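Chains as they are written, first to last, in our numbering: chain A, 11 to 302; chain B, 11 to 302; chain C, 21 to 403; chain D, 21 to 403.
Structure record follows, encoded as structure tokens.
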């Protein structure tokens, strides 16, 4: 199984001929992902690494019938690319692009219907080890297994994945939901998918300062979820009112601080680690409990 | 049974204190309709004919929990009233108002979800004889029965209802879908409801020049419908390019003429009358066939 | 409400759509002055709210300024599909490379704006649709999102436009969509949209229809309504708040409700007659409205008989009868009038009418009988 | 990006929101001139990007023009929550009747604009939310439809405003929503929004935060960015394309990726240290970027040690090591630097580093060990 992306994923890369698009298309192909099409207006008819390029999503869909897209276009064009994918019935869309205007994202979010899943923007994407890599994550550090990972961060996720892998704990799917204030899919929707994924036996949730998505996720875990969850929150030392790298990582008192999130998760009965390596330790514990 | 409105209808009147709102509220009450609330901003706390008035739909919903609304507000405010009803989870909305701008209606139509039904605008509303009158139709000429009526017109519908009633042929529900170019609900959606209504044994469809909704309905009747349909089209003598009273009644060649519609319906195997009284004759025939 | 070519172009220019320079003229002299001002070859174009003016001789290209006066003289006053030409647009020339077609309309079925584009412009788009449907690109717009950049790309790539032309057409499309929304049009059509040898994209013609229901919030457009060109009968009816369309027959028709009146027209035609007009007096037809409506119908010299068809629903028929009686008293009509009253309190209404009106008023019980009677009377029989 | 009160008010005025007349002054003399120009009693208000300036003495109401110079002298140069007051807004007086609160913000959970309104203005809205939550009216907006008239009515009726005030507040709300969308703000807040005795509704204060990501299409707003007020360290980092936040501790921190760097700060705190900054060098950290980042961190005189934490994913660790070595060669840093390299090709990276760098560079394998080491070094031990 795995969630969101797997062997059935057929991927179209929006913005395939940009620097990032080219670089990650190669890596996604190397990881065995079925990249069936790329889009760059004006370069239709060419190809990149054997992947045919189209001018529009309409053409790409007609010729190659993709079910998933990954977006590498510049921030000013990202919302347009998402609308193009949605209107062409692409049902899973990962927007890697950073710096997408918040008002654009509010419009996108209001247009999204239940039958489509937007991951990101400003996210590393989705990777199911051994199945499909629709992300900018380093597939080398992953091994297949039964831990689901969902995170607002990039490198911090890799750090934790690495800790898991070093302990021989494999992953079902890793989902970077993105570090912006407004993202297509929040923790809860991903947790729901992991909950019904028979392969996933434990979920790691990596949160950070800003908003209250972790609290809402905590409530969901407490009330609805059977699969055990291990959490980690970054940003305890972040000063109030400062944006810490991610546009959405800003503590402005109340629920948005790391303390508040961490406490809420603990209250919801979720094991919450204080460091990336402790995450791996807790997961190992959970799995050994589950196994026994 | 009946469709759209019945004994379970609890109605809120948007624009209850205007001339039309007052007049028809009385008539709807006389017909036994459960009018539970009225809305007129600034007149909250008052009542009209025992119906409590609220300033906003939000208040009306909180206090009286209506499931249906009828709109009598001026054209410039009609779209706003529809949005207000939709956002307050009113699931059946009849907009009587004439002259609603087409661009307003495009926005409304794009916002409409499947769980809500908008009838009109520029329509007489919906009436289920003996059950509920959510309309400006004269309930005196109706009798309960098993003929469903769906029409783009007002008085022409009354004419046909009268012909039916004079022949002792009762009606399950009469729906005036409205005479504008863009309306919330087309023939097909109403035909679908009649098709699954056990009470309705025959449907009368009254069309006119403009657009091609009759042709689309004809296809639906031919391919999907078991209940027999009798049709009538008005406007054979309408000159090209002229708006005949209803904003949507304009023949501009092609499918929009009465001839084209009539022929398409005949081709679809639908009995098509050439006069209102012939409609009643054909219905009588159909019912006697069905009965035998 | 349809706009004249020059009015439509003025609006389009406000939204950034480029057109040729042009000057409106109502006399041959004005046309010559305009041509002198513009310089070079010009086109003299009849301003009428109907298609086919080219075939009718309503457009003349004049190479030398001297010929303009004569051309304008020929066009002004011309009758094109029943419309008298009251002014011409004198327009500068252009070196045209390609003729394309671009329009945005309200699509009734989809309930959203529909863009049509074709590289085959300057001809009737319906002919193109029939002969080479693949040459037409269709794009539907979600009015809540507006025209999105990817949709412009879809259009220009589907139409296989070259990069420069694509850019220009894309810009025109952006502007035209703004105009469509800004003016609340039900149709904006540019046919042809041309690319010129110097790389511009120009609207060579314009057809703009704005939504009558939206005019209350577009004063500047409402002011363009051409009262002079309107038929005096229709204009008077509009002022009286009647829905009125003048037709060419001899049976004047009044009724309440658009659908019923259309049906009455059809009944008259079925009875072998020809309707002289469509007149919907509306729901609460009082004596004054009925009187004015009858008066307007009677103004038409072709009218030989009048058919008054009322189905009383909410308006009770006896009240309508009272209104009619009082209207007839005020007027001095010698035309035969066939009255058919049906619906709530019809009996009382008919009786009232029988008691009060003169010998030129006939009553019938059914719509078909009333239609037959009116036709018979118009054709000189039946009195 | 936060705007000063006077900048926010300028924007709001462009969208039709009324404010008091005001003049900005950077010296006591300018303040006096401003007061003379305005006439009557004025308020002298410190312009700082932080709350609580009233309590800090940053707002003085002066009845007579003579007192303005002294008031401005006291306020200018004042330190309010770490911000030095560089200018004051001299604002005309008003006869206030009621103080209300109005704001529109981006709601992260609902993913749409949220309007908050309260008849209890002039105080911290969070206090109102705690003490009398019913006094706050909330309205969510669908950004595809915009603010609808019925939503304005819902707000004004829920708040039980009197008809005149409701009309005025409704108008301000319409304008404020236009401003919110037009400037792509993440927050526009008017606290207090006042009604005056002569029936006007005025924004007495303004707090506007615009979305940094949208500035590329709002040149006029981007120009308002206050380079003078920004910390020189942060400003330099911004110019170098680094994500940088200055903090008050003594352990300088660099890393790749915002989440990882936040986590590194937390690790330093857990080890008993205090981070001197947050610095995300980003994905493809080349020698130049690392060099500039190190330089900026070292500029901070409080920094006693530096922790460089890299998880190599796509960027291979050996390449990062090469960049770091080359950066260290270019710089003449005497600070102890703890380097932790992990991820793809970490072994090679660490080896390269061991071979090439001087004695003030320490390598550790885990984040926690690296944090401990850096803290130890900052506290003067461990060399």
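Glycine included, each C-beta is placed from N, C-alpha and C at the ideal position.
Computed from a predicted structure; not experimentally measured.
Sorting A/157, A/154, A/156 and A/131 by C-alpha distance to the C-alpha of residue 145 of chain A places A/131 at the top. Around the Cβ of residue 75 of chain D, a 10 Å sphere holds fewer than 16 other Cβ atoms; the residue is exposed. Taking CB atoms only, residue 199 of chain A has no neighbour in chain D less than 8 Å away. Residue-level contact check: residue 222 of chain A touches chain D, since one or more beta carbons of chain D fall below 8 Å from its beta carbon.
When the alpha-carbon of residue 280 of chain B is set against those of B/88, B/122, B/228 and B/89, the nearest one is in B/228. Fewer than three beta-carbon pairs drawn from the region 264-272 of chain C and the region 236-243 of chain B are found closer than 8 Å, and the two stretches are therefore not classed as touching.
Put simply, the region 385-403 of chain C does not touch the region 175-195 of chain D. Fewer than three CB pairs are less than 8 Å apart. DSSP places residue 38 of chain B in the helix class (H, G or I) of the three-state scheme. Along the region 229-305 of chain C, the alpha helix (DSSP H) occurs as fully enclosed runs of 4 or more residues at 239-242, 252-259 and 278-290, listed in sequence order. For residue 283 of chain B, the enclosing beta strand (DSSP E) starts and ends at 281-283. One finds 165, 168 and 170 in chain C with Cβ atoms closer than 8 Å to the Cβ of residue 93 of chain A, taken in chain order. With contacts defined by Cβ atoms closer than 8 Å, residue 204 of chain D and residue 234 of chain D form a contacting pair.
Of all residues in the region 65-94 of chain A, those with a C-beta nearer than 9 Å to a C-beta of chain C are 65, 66, 67, 68, 69, 87, 89, 90, 91, 93 and 94, reading in chain order. Excluding the 5 residues flanking it on each side, residue 175 of chain B has same chain C-beta neighbours closer than 7 Å at 151, 152 and 153, in chain order. Rounded to the nearest whole angstrom, the CA to CA distance from residue 68 of chain C to residue 42 of chain C is 16 Å. Shown here, residue 12 of chain B sits in coil according to DSSP, grouped into three states, outside any helix or strand. Taking 8 Å as the CB threshold, residue 48 of chain C stays off the interface with chain B. Residues of the region 40-59 of chain A with a Cβ closer than 8 Å to any Cβ of chain C, in chain order: 51, 52 and 54.
Taking 8 Å as the cut-off, the beta carbon of residue 373 of chain C is found closer than this to the beta carbon of residue 341 of chain C. Against residue 183 of chain C, the close residues of chain A are 52, in the order they occur along the chain (beta-carbon pairs closer than 8 Å). Fewer than three Cβ pairs drawn from the region 288-298 of chain D and the region 335-350 of chain D lie within less than 8 Å of each other, which leaves the two stretches out of contact. Put simply, the backbone Cα of residue 33 of chain B is about 14 Å away from that of residue 149 of chain B. Contact annotation, residue 91 of chain D with residue 45 of chain D: C-beta distance approximately 11 Å; criterion of less than 8 Å not satisfied. By the neighbour-count definition (other C-beta atoms within 10 Å, threshold 16), residue 392 of chain C is a buried residue.
Taking each of C/21, C/140 and C/48 in turn and checking the Cα distance to residue 157 of chain C, the smallest one comes out for C/140.
Taken through DSSP and simplified to helix, strand or coil, residue 29 of chain B comes out as helix.
Against residue 168 of chain B, the close residues of chain C are 331, 333 and 363, in the order they occur along the chain (beta-carbon pairs closer than 7 Å). Counting the other CB atoms within 10 Å of its CB gives residue 56 of chain C a total below 16, which places it among the exposed residues. Going by C-alpha positions, residue 63 of chain D is about 15 Å away from residue 49 of chain D. Taking C-alpha positions only, residue 183 of chain A is separated from residue 198 of chain C by approximately 45 Å. Listed in chain order, the non-local C-beta contacts of residue 58 of chain A below 7 Å within the same chain comprise 26, 27, 32, 35 and 48, local neighbours out to five positions each way being set aside. Distances from the alpha-carbon of residue 81 of chain A to those of A/247, A/109 and A/208 put A/109 closest. Within 8 Å of the CB of residue 124 of chain A, no CB atom of chain D is found; the nearest one sits about 14 Å away. Not flagged as an interface residue toward chain D: residue 63 of chain A, since no C-beta distance is shorter than 8 Å. Within chain C, not a single residue places a beta-carbon under 9 Å from that of residue 230 of chain A; the smallest gap is close to 30 Å.
Residue contact with chain B for residue 173 of chain D: present (Cβ-Cβ distance below 8 Å to some residue of chain B).
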